[in-house]
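Data block below; observations after.
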Amino acid sequence: MYHNETEYGLGAMKVLTVANRKGGAGKSTCAAHLALESIRDGIKTIIVDLDPQKTLEGWWNRRDSDDLPLIDLPEKKTEEVLKNISSKGFELCIVDTPGDASQNSRLGISLADLVLIPSKPTAPDLSAIGRTISMVEEQDKKYVFVLTQGIVRSKATFQASSVLSSFGPVAPAVISNRTSYASAMGMGNSACEIDKAAEEEIRQVWKFIKDRLFESKQNKKSKFVA
Ligand SMILES: Nc1ncnc2c1ncn2[C@@H]1O[C@H](COP(=O)(O)OP(=O)(O)OP(=O)(O)O)[C@@H](O)[C@H]1O
Ligand SMILES: [Mg+2]
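So for the sequence shown, the numbering used here puts the first residue at 613; every next one is plus one.
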């Protein structure tokens with residue numbers, strides 16, 4: 613299965629898929645915070661939760677505001693639904709995936725223009741990262757990393773960043789370990805609303821991703837259509 617912009621005719625809409633086969637890496641927290649940051653940045657954004665645990669959808673259900681829509685993506689209607697939301701003027705679809713190598717994880721990756729791989733800066737997480745990279749490379753997708761739940765300027769975070777950068781680009785800011793993130797996930801909002809430090813790092817991570825997602829199409833591969 614290999615879906616891309618050409619195949620779907622998605623126009624300007626980009627798909628950012630958040631993936632890591634390791635559970636608890638911080639995927640849903642990243643997806644939620646980046647979605648709200650993207651909206652704050654003026655980009656018409658929609659989210660999809662492909663994880664049967666429905667962490668992202670649970671967070672979304674707890675929101676008071678109706679600024680961020682969520683849509684179901686039934687496997688057999690993926691193409692139809694994506695085309696439909698693109699035609700409604702959405703510019704970005706952020707897809708959260710389960711922490712495993714299931715069909716849903718692979719489906720999420722297959723839809724991506726860019727895959728964001730969050731990782732904790734710990735030995736078990738870093739030693740498992742190769743399995744996630746293989747899953748993404750199998751589908752020939754571009755990927756970038758962001759460190760999550762790290763301690764800023766700690767030795768572990770520096771070392772983890774250097775390990776990840778040998779595989780691909782790493783976001784210039786760490787999504788640090790802050791209670792504001794965990795509580796925002798419980799409240800249906802963003803840590804950035806109450807925590808200046810979180811706001812600063814999410815802005816930096818978002819800018820890094822935005823630059824790669826919406827970069828010039830000159831260097832992009834597209835499927836040849838005879
Ligand atoms: N930056 C952070 N600071 C503090 N806690 C965090 C941070 N990121 C995530 N968490 C907490 O860690 C746990 C796992 O985070 P999250 O649900 O985002 O991971 P996940 O990769 O989506 O997990 P799963 O694989 O189960 O879907 C949650 O309890 C969340 O609140
Ligand atoms: Mg999750």
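A virtual CB, placed ideally from N, CA and C, is assigned to each residue, including glycine.
Short Cβ contact (8 angstroms threshold) for residue i with residue j
i       : j       : result
Gln-751 : Ile-721 : yes
Asp-661 : Leu-682 : yes
Arg-824 : Leu-723 : no
Met-797 : Trp-671 : yes
Ala-772 : Phe-820 : no
Cβ-based neighbour list, residue i, same chain, cut-off 6 angstroms, excluding 5 preceding and 5 following
i       : result
Arg-718 : none
Leu-704 : Lys-626, Ser-650, Ile-655 and Thr-657
Phe-826 : none
Leu-648 : Ser-802
Of the listed residues the options, nearest to residue i (C-alpha basis)
i       : options                               : result
Asp-679 : Ala-631, Ala-810, Asn-696 and Ala-644 : Ala-644
Glu-812 : Arg-790, Gly-798, Met-797 and Ser-795 : Arg-790
Ala-809 : Lys-767, Tyr-755, Ser-795 and Ala-785 : Ala-785
Val-748 : Ile-763, Ile-729 and Asp-737          : Ile-729
Thr-744 : Phe-779, Lys-822 and Gly-701          : Phe-779
Leu-759 : Ser-746, Cys-804 and Leu-738          : Leu-738
Val-756 : Lys-822, Ser-677 and Thr-734          : Lys-822
Leu-628 : Val-707, Gln-771 and Ala-794          : Val-707
Gly-636 : Ser-699, Leu-668, Lys-700 and Leu-776 : Leu-668
Lys-767 : Ser-795, Ser-792, Lys-634 and Ala-735 : Ala-735
Ala-794 : Phe-702, Val-630, Cys-642 and Ala-631 : Cys-642
Trp-818 : Arg-633, Lys-689, Ser-640 and Leu-646 : Leu-646
Sequence-distant residues of the same chain with beta carbon closer than 8 angstroms to residue i, five excluded per side
i       : result
Pro-710 : Leu-662, Asp-663, Pro-664, Gln-665, Asn-716 and Ser-717
Ile-697 : Met-625, Ile-658, Ile-683 and Cys-705
Pro-686 : Val-693
Thr-769 : Pro-733, Leu-759, Gly-762, Ile-763 and Val-786
Ala-740 : Arg-633 and Lys-634
Same chain, Cβ closer than 7 angstroms to residue i, five either side skipped, listed in chain order
i       : result
Val-764 : Val-786 and Ser-788
Arg-674 : Met-799 and Gly-800
Ile-605 : Examination of residue 605 is not possible in this model, given that the chain is present from 613 through 838 alone.
Paired residues, beta bridge with residue i - DSSP
i       : result
Tyr-755 : Val-727
Lys-626 : Leu-704
Asp-661 : Asp-708
Thr-788 : As written in the sequence, residue 788 is Ser, which differs from the Thr given in the question. DSSP output for Ser-788 lists Gly-762 as bridge partner(s).
Val-782 : Phe-757
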